[in-house]
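Numbering (my numbering), first residue to last: 937 to 1218. Yeah, the Cβ is synthetic: ideal placement off N, Cα and C, and Gly gets one too.
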Ligand code: SAM
């Protein structure tokens, strides 16, 4: 059923009612444009009956758009005032909706009332990458999602090896699946207007390339390689692998050029290094 979405007047009224001053610390920029909400929901490609997870529902702009599809939704919000108001807003504008609100820091959730299949969110910008990686680690039921993030972050998540912006978030994200950008979003659709540009990013979860233990080892190598991204791998990995000579040996047995830099490597290359390091430990 069609749901009335929140426009500038509704956002202003709700903010006044709750007496909230949006905080930068929590990345509180609320969407007050129904077209943007419908665009996000359409791009998210929610399938019938799919359990949806939203992080940071805020005043409910995107929440109502997701609920309009009829999908069962769990929304995780850290701000107690916003979390308390959300069911009331939804009760009024989408009374038949299936919404569960969880008042918690998304970086700390490890269980939810229902296993989420799809993530749809306008993420708090300062923690968007940690939130994505945390959710992908703890909720293997996730099959894909569509999120709005700061443009630079979105470009990084979707970057391929060799690109200027390819970095640790790109490799870690690629562990979980395929990522793609799905269009810019104007600053004007937010209240308050943020000082960064936004972009939509989609992902489809794939089969994990390795075990959980291998993932942890791979991510440690990725952090080391990009912590000193201008250095050759035999240097940047010398500390985690023991010495420059040990790093050279491991890289060679993994089939990776010791003089290459992290920015040239795929997630599969980093996994090969992790496996070579583990077998040289035995
Ligand atoms: N979804 C709403 C919209 O589109 O208008 C609000 C998006 S706003 C960019 C980010 C939201 O995330 C805010 O409601 C904020 O309170 C919430 N938030 C910030 N940090 C969070 C965290 N660690 N866990 C859960 N929610 C968080």
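Query raised in the report: Using 8 Å as the Cβ pair cut-off and three pairs as the minimum, do the region 1051-1060 and the region 1083-1090 touch?
Result: Taking a cut-off of 8 Å on C-beta distances, the region 1051-1060 touches the region 1083-1090, as three or more cross pairs fall below it.
Requested in this report: Confirm the yes/no value for this check: CB of residue 965, any heavy atom of the ligand SAM, distance under 8 Å.
Outcome: Yes - the ligand SAM has a heavy atom lying nearer than 8 Å to the Cβ of residue 965.
Report task. With a threshold of 16 other CB atoms inside 10 Å of the CB of residue 953, please say whether the residue is buried or exposed. Result -> Of the other Cβ atoms in all chains shown, fewer than 16 fall within 10 Å of the Cβ of residue 953; this residue is therefore exposed.
Query raised in the report: If you compare alpha carbons, which of 977, 1199, 968 is closest to residue 1107?
Result: Checking every option, the nearest Cα to that of residue 1107 belongs to 1199.
Query raised in the report: According to DSSP, which residues form a beta bridge with residue 1011?
Result: 990, 1037, per the DSSP bridge assignment.
Report task. Assign residue 1195 to one of two classes, buried (16 or more other C-beta atoms within 10 Å of its C-beta) or exposed (fewer than that). Result -> Label assigned to residue 1195: exposed.
Requested in this report: Could you tell me which residues DSSP pairs with residue 1135 in its beta bridges?
Outcome: Residue 1135 is bridged by DSSP to 1085, 1120.
Requested in this report: Run the proximity test for residue 1087: is its beta-carbon closer than 8 Å to any non-hydrogen atom belonging to the ligand SAM?
Outcome: False, no ligand heavy atom lies under 8 Å from that Cβ.
Query - The alpha helix (DSSP H) enclosing residue 1152, as first and last residue numbers - result: From DSSP, the alpha helix (DSSP H) with residue 1152 extends over 1148-1163.
Requested in this report: Return the CA-CA distance between residue 1133 and residue 1123, expressed in angstroms with no decimal places.
Outcome: So the two alpha carbons sit approximately 6 Å from each other.
Query raised in the report: Measuring CB to CB, does residue 1000 end up less than 9 Å from residue 1019?
Result: Between residue 1000 and residue 1019, the CB-CB gap reaches or exceeds 9 Å.
Query raised in the report: Given residue 1003, which residues of its chain have a CB within under 8 Å of its CB, disregarding the five upstream and five downstream residues?
Result: Excluding positions up to five away in sequence, the list reads 939, 1009, 1026, 1030, 1033, 1034, 1035.
Query raised in the report: What number of angstroms, rounded off, separates the C-alpha of residue 977 from the C-alpha of residue 997?
Result: Pairing residue 977 with residue 997, the inter-Cα distance amounts to about 11 Å.
Requested in this report: May I have the straight-line CA-CA distance separating residue 1141 from residue 1190, to the nearest angstrom?
Outcome: Computed Cα separation, rounded: 26 Å.
Query - Inter-residue Cα distance where the pair is residue 948 and residue 1117 - result: Rounded to the nearest whole angstrom, the CA to CA distance from residue 948 to residue 1117 is 30 Å.
Requested in this report: Using 10 angstroms around the beta-carbon of residue 1109, count the other beta-carbons present and answer buried if the total reaches 16, otherwise exposed.
Outcome: The residue is buried, with at least 16 neighbouring Cβ atoms inside 10 Å.
Query raised in the report: Could you check where the beta strand (DSSP E) with residue 1055 kicks off and where it finishes?
Result: Unbroken beta strand (DSSP E) run through residue 1055: 1054-1058.
**Report entry** Classification of residue 985 by the beta-carbon crowding that lies within 10 angstroms, buried from 16 upward
**Finding:** Exposed, because fewer than 16 other Cβ atoms sit within 10 Å of the Cβ of residue 985.
Requested in this report: Give the single residue among 1181, 1128, 1052 whose Cα lies nearest to the Cα of residue 1081.
Outcome: Residue nearest to residue 1081 within the set 1181, 1128, 1052 is 1052 (criterion: CA-CA distance).
Query raised in the report: Contact check, residue 1021 vs residue 950 under 8 Å by CB: the rounded distance?
Result: Indeed, because the Cβ distance is near 7 Å, the residues count as touching under 8 Å.
Query raised in the report: Can you tell me the Cα-Cα spacing of residue 1208 and residue 982, whole angstroms?
Result: The alpha-carbon atoms of residue 1208 and residue 982 are separated by roughly 35 Å.
Query raised in the report: Would the beta-carbon of residue 964 fall within 9 Å of that of residue 1015?
Result: Yes; because the gap between Cβ atoms is below 9 Å, this pair is in contact.
Query - Endpoints, alpha helix (DSSP H) assigned at residue 1192 - result: No alpha helix (DSSP H) holds residue 1192; DSSP gives it neither H nor E.
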